[in-house]
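This report concerns only the one structure given below.
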């Protein structure tokens, strides 16, 4: 009998965020940041933390180092009621960290992957999958330990009776070596942004990319930033306009919060349009605070802020 709604599988790290910097540093130079934040990072953890705060029962499966950063990750997830029982500690790798330098509405990142590279298919609790309804995986390219087995991972999740979703994220090596023609038939919802989709399909415009993807994809929800979002599912095509808030802080984790908002509605049985709208709202809410999780405090506070964003009060 299924008792837990969502299993998120992916990378775990912290974010050290430097805000209000005057450009990006050149080799040999030093610049000053006027603000600094230390928060829970990683695409997967941000998604899990925020969807759990919305009220979805959520468990996380990943790997951290046996260090203070790892303990911080566990504590932050547990504060948001994420079940951390499937998070393992690596004996050989430290917990990952990303240093984020924000400049205006752009940023530069440097990531130490650490324990996320030590995470493999054998760390996933296959014997417990019948407890869950949905399986989500984020940040494929940074997780070298699972890259060779990504097809097998989604085949096994589907065989266990779960619905599935995937967010590839950016390929830092710019190879885009994901065999979408083989894997996407086992993914119920694919979550690329527009730039990622163009790179993956090696097409010059969005419509060409969609045509290339369509024979293999079940449902794709494309994140388009200030242009909103687009969903394609069979012959259904839905465009949802964006929500532009008045108090932009940074965009770290906005796409992950879109995923969280979308999946939260999806697991409630909502329409595709409602899923897209909630995804856009959560992405917008994300940008009102530094980092990917600090804007998400309690379910009641999220509901209030959603209304304020819709009314253009926030």
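In the numbering used here, the protein residues as written are 87 to 400. Positions of the beta carbon are idealized from the N, C-alpha and C atoms, including for glycine. Predicted, not measured: the structure shown is a model, and the values here were computed from it.
Please report the residue range of the beta strand (DSSP E) in which residue 155 lies. No beta strand (DSSP E) holds residue 155; the alpha helix (DSSP H) holding it covers 154-165.
Taking residue 221 as the reference, which of 246, 206, 205, 230 has the closest Cα? Ranking 246, 206, 205, 230 by Cα distance to residue 221 puts 246 first.
Figure out for me which residue from 119, 249, 141, 142 has the closest Cα to the Cα of residue 109. Measuring C-alpha to C-alpha distances from residue 109 to each of 119, 249, 141, 142 identifies 119 as the nearest.
Could you check which residue in 241, 292, 371 has the C-alpha nearest to that of residue 400? Just measuring C-alpha positions, the residue of 241, 292, 371 sitting nearest residue 400 is 371.
Top-ranked residue by Cα proximity to residue 364, from 293, 392, 303, 387: Out of 293, 392, 303, 387, 392 has the C-alpha closest to the C-alpha of residue 364.
Contacting residues, own chain, Cβ-Cβ under 7 angstroms from residue 385 (five flanking each side not counted): Excluding its 5 nearest sequence neighbours in each direction, residue 385 has C-beta neighbours in its own chain below 7 angstroms: 139, 140, 141, listed in chain order.
Evaluate residue 417 with the Cβ neighbour count: other Cβ atoms within 10 Å of its Cβ, from every protein chain shown; 16 or more gives buried, anything less gives exposed. Since the displayed the chain opens at 87 and closes at 400, residue 417 lies outside it and no answer follows.
Is residue 276 helix, strand or coil by DSSP? Looking at residue 276 - three-state DSSP - the assignment turns out to be strand.
Where residue 87 and residue 163 are concerned, what is the direct C-alpha to C-alpha distance, given to the nearest angstrom? Caution is warranted here: a pLDDT of 48 is assigned to residue 87, below 50, making its placement in the model unreliable, and the coordinate value is therefore given only provisionally. In a straight line, the C-alpha of residue 87 is about 25 angstroms away from that of residue 163.
So what does residue 99 bridge to, in DSSP terms? Its beta-bridge partners are 127, 182.
Helix, strand or coil for residue 87, going by three-state DSSP, please let me know. Because the pLDDT of residue 87 is 48, which lies under 50, any placement of that residue in the model is unreliable, and the question is left without a value.
Select from 338, 96, 253 the residue whose C-alpha is nearest the C-alpha of residue 266. Among 338, 96, 253, the Cα nearest to that of residue 266 is on 253.
At 4 residues or longer, and completely inside the region 172-256: list those alpha helix (DSSP H) runs for me, N to C. Listed in chain order, the alpha helix (DSSP H) elements of length 4 or more contained wholly in the region 172-256 are 236-245.
Contact check, residue 257 vs residue 285, beta carbons under 9 angstroms: In this structure, residue 285 lies closer than 9 angstroms to residue 257 by Cβ.
Hey, how far is the Cα of residue 155 from the Cα of residue 226? Taking the straight line joining both Cα atoms gives about 22 angstroms.
When 180, 137, 343, 232 are compared against residue 169, the one with the closest alpha-carbon: Closest option to residue 169, Cα to Cα, is 137.
Which of helix, strand or coil does DSSP assign to residue 137? Reduced to three states, the DSSP call for residue 137 is helix.
How do the region 261-276 and the region 295-304 stand: do at least 3 beta-carbon pairs fall below 8 angstroms, yes or no? Two segments are said to touch when three or more pairs of C-beta atoms, one from each, lie closer than 8 angstroms; by this definition the region 261-276 touches the region 295-304.
Short of 8 angstroms in beta carbon distance, which residues of its chain neighbour residue 367, apart from the five on each side in sequence? Order them along the chain. Cβ neighbours of residue 367 beyond the five flanking positions: 329, 347, 392, 395, 396.
Can you grab the Cα-Cα spacing for the pair residue 261 / residue 343, in whole Å? If you draw a straight line from the Cα of residue 261 to the Cα of residue 343, it comes to about 26 angstroms.
Alpha carbon to alpha carbon, how far is residue 379 from residue 159? C-alpha separation (whole angstroms): 12 angstroms.
How many whole angstroms separate the CB atoms of residue 239 and residue 201, which I take to be in contact at a CB cut-off of 8 angstroms? Actually they are not in contact, since the Cβ atoms of residue 239 and residue 201 sit about 18 angstroms apart, beyond 8 angstroms.
Could you give the residue range of the beta strand (DSSP E) that holds residue 329? Careful: residue 329 lies outside any beta strand (DSSP E) and carries neither H nor E.
List the residues that DSSP assigns as beta-bridge partners of residue 149. Bridge partners of residue 149: 174.
So, is residue 331 buried or exposed, given that buried needs 16 or more other C-beta atoms within 10 angstroms? Around the C-beta of residue 331, 16 or more other C-beta atoms lie within 10 Å, and the residue is accordingly described as buried.
Do residue 195 and residue 335 have their C-beta atoms within less than 9 angstroms of each other? Contact: no.
Please give me, in chain order, every unbroken run of the beta strand (DSSP E) with length at least 3 that falls completely inside the region 279-309. Counting whole runs of 3 or more residues, the region 279-309 contains the beta strand (DSSP E) stretches 305-309.
Where residue 119 sits in the DSSP three-state scheme: It is a strand residue.
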